[in-house]
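**Q** Residue numbers (the numbering used here): 6 to 209.
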Amino acid sequence: MARPREFDEEKVLLLAVERFWEHGYEATSLRDLAQAIGLTTASIYNAFGDKHAFYRKALDFYVERSFGDRVGRFETKPPREAIGAFFNEIIERSLSDTKRKGCMLVNSALEVAPHDDEFQRVVAQVLVQVEAFFKRCVERGQEDGSINRSSNASDMAGTLLGTLLGIRVLARTRPERDLLEGLIRPIFALLEPNHSQTILSHDR
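(1) Taking the continuous alpha helix (DSSP H) assigned at His-120, which residues delimit it?
(2) Nearest to Arg-85 by alpha carbon, out of Val-131, Arg-126, Ile-42, Asn-153?
(3) What distance in whole Å lies between the Cβ atoms of Glu-136 and Gly-163, which are believed to be in contact at a cut-off of 8 Å?
(4) Could you say which of Val-174, Glu-31, Arg-190 lies nearest to Lys-106 if we only look at CA atoms?
(5) How big is the Cα-Cα spacing for Thr-46 and Gly-54?
(6) What first and last residue would you give for the alpha helix (DSSP H) that runs through Asp-213?
(7) Between Leu-20, Ser-71, Ile-95, Lys-62, which lies nearest to Leu-165 when the distance is taken from Cα to Cα?
(8) Taking all protein chains shown into account, decide if Thr-33 is buried (16 or more other Cβ within 10 angstroms of its Cβ) or exposed.
(9) For Arg-145, which residues from the same chain have a beta carbon less than 6 Å from its beta carbon, with the 5 sequence-adjacent residues on both sides left out?
(10) Hey, out of Ala-129, Met-161, Arg-182, Ile-172, whose CA is closest to Ala-194's CA?
(11) Quick check: Ile-42 and Leu-20, are their CB atoms within less than 8 Å of each other?
(12) Measuring straight from C-alpha to C-alpha, what distance separates Lys-16 and Glu-23?
(13) Skipping 5 residues on each side, what residues in its chain have a beta carbon closer than 7 Å to that of Leu-170?
(14) List, from N- to C-terminal side, the alpha helix (DSSP H) runs of 4 residues or more that fit wholly inside the region 94-164.
(15) Express the C-alpha separation of Arg-190 and Val-117 in angstroms, rounding to a whole number.
(16) Ignore the nearest five residues each way along the sequence and tell me which others in Lys-56's own chain have a CB closer than 6 Å to its CB.
(17) Leu-100 and Lys-62 - do their beta-carbons sit closer together than 8 Å?
(18) Assuming Leu-44 and Phe-59 form a contact by the criterion Cβ under 8 Å, report the distance between their Cβ atoms to the nearest whole angstrom.
(19) Could you compute how far the alpha carbon of Lys-104 sits from the alpha carbon of Asp-149?
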């Protein structure tokens with residue numbers, strides 16, 4: 006019979022997320038994690054596997070606690086309000102990030118995913134889910150008339166995703182409210198029901 010774990014897994018994952026999030030994947034060793042968490046490297050290996058596997062577990066935990074939680078709270082709101090609440094919370098989190106850690110998922114996309122096929126898939130899957138959330142909001146808003154119907158829902162969802170990623174990266178070096186809020190104002194102007202959009206054609 007396997008022995009029950011003698012530690013709180015949720016607490017360990019929270020501490021692991023903080024360590025990986027602040028220092029990055031490459032600069033964090035199992036020894037660093039053991040010191041931060043208060044376990045031996047052998048205990049970490051037995052419970053979670055090597056550093057790669059532990060990082061995957063920590064990233065999954067982070068995503069569920071951040072994006073998963075946010076969508077759960079906002080998806081039931083009216084569509085424009087849901088999108089606005091999503092971005093307002095992201096901006097507030099970015100401005101209160103005194104250590105400028107940014108977003109662990111975005112950090113993973115920049116540091117780990119380019120060199121690791123598994124994490125390319127992991128990050129891509131989450132970004133697809135974020136984009137799908139935006140698309141559902143846009144489509145619901147177009148149905149109820151609160152969002153401009155002339156905008157393609159898929160294109161707008163991609164624009165919202167790109168804006169989100171831009172905010173998260175930019176805030177690490179320039180966490181300025183006017184700058185970050187200025188990034189979303191033009192996007193919300195495009196969402197306005199009475200917004201007229203000029204389509205540029207490359208087939209002239």
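Each residue gets a CB set at the ideal place from its N, CA and C atoms; glycine is no exception.
**A** Checking against the coordinates, here is how it stands:
(1) Careful: His-120 lies outside any alpha helix (DSSP H) and carries neither H nor E.
(2) Nearest to Arg-85 by alpha-carbon distance, out of Val-131, Arg-126, Ile-42, Asn-153, is Asn-153.
(3) The beta-carbon separation of Gly-163 and Glu-136, rounded to 6 Å, stays under the 8 Å limit for a contact.
(4) Among Val-174, Glu-31, Arg-190, the Cα nearest to that of Lys-106 is on Val-174.
(5) Answer to the nearest angstrom: the Cα atoms are 10 Å apart.
(6) Outside the displayed range of the chain (6 to 209) lies residue 213, so it cannot be described from this structure.
(7) Closest option to Leu-165, Cα to Cα, is Ile-95.
(8) That one is buried.
(9) Around Arg-145: Pro-84.
(10) Nearest to Ala-194 by C-alpha distance, out of Ala-129, Met-161, Arg-182, Ile-172, is Met-161.
(11) Yes, they are a contact pair.
(12) Approximately 11 Å, taken between the alpha carbons.
(13) Val-111, listed in sequence order.
(14) The qualifying runs are 109-116, 122-149.
(15) One C-alpha to the other measures close to 32 Å.
(16) Same-chain partners within the cutoff: Leu-35.
(17) No, the pair does not count as a contact, with Cβ atoms beyond the cut-off.
(18) With 8 Å as the limit, Leu-44 and Phe-59 do not qualify as a contact, their Cβ atoms being about 11 Å apart.
(19) Those two C-alpha atoms are separated by around 41 Å.
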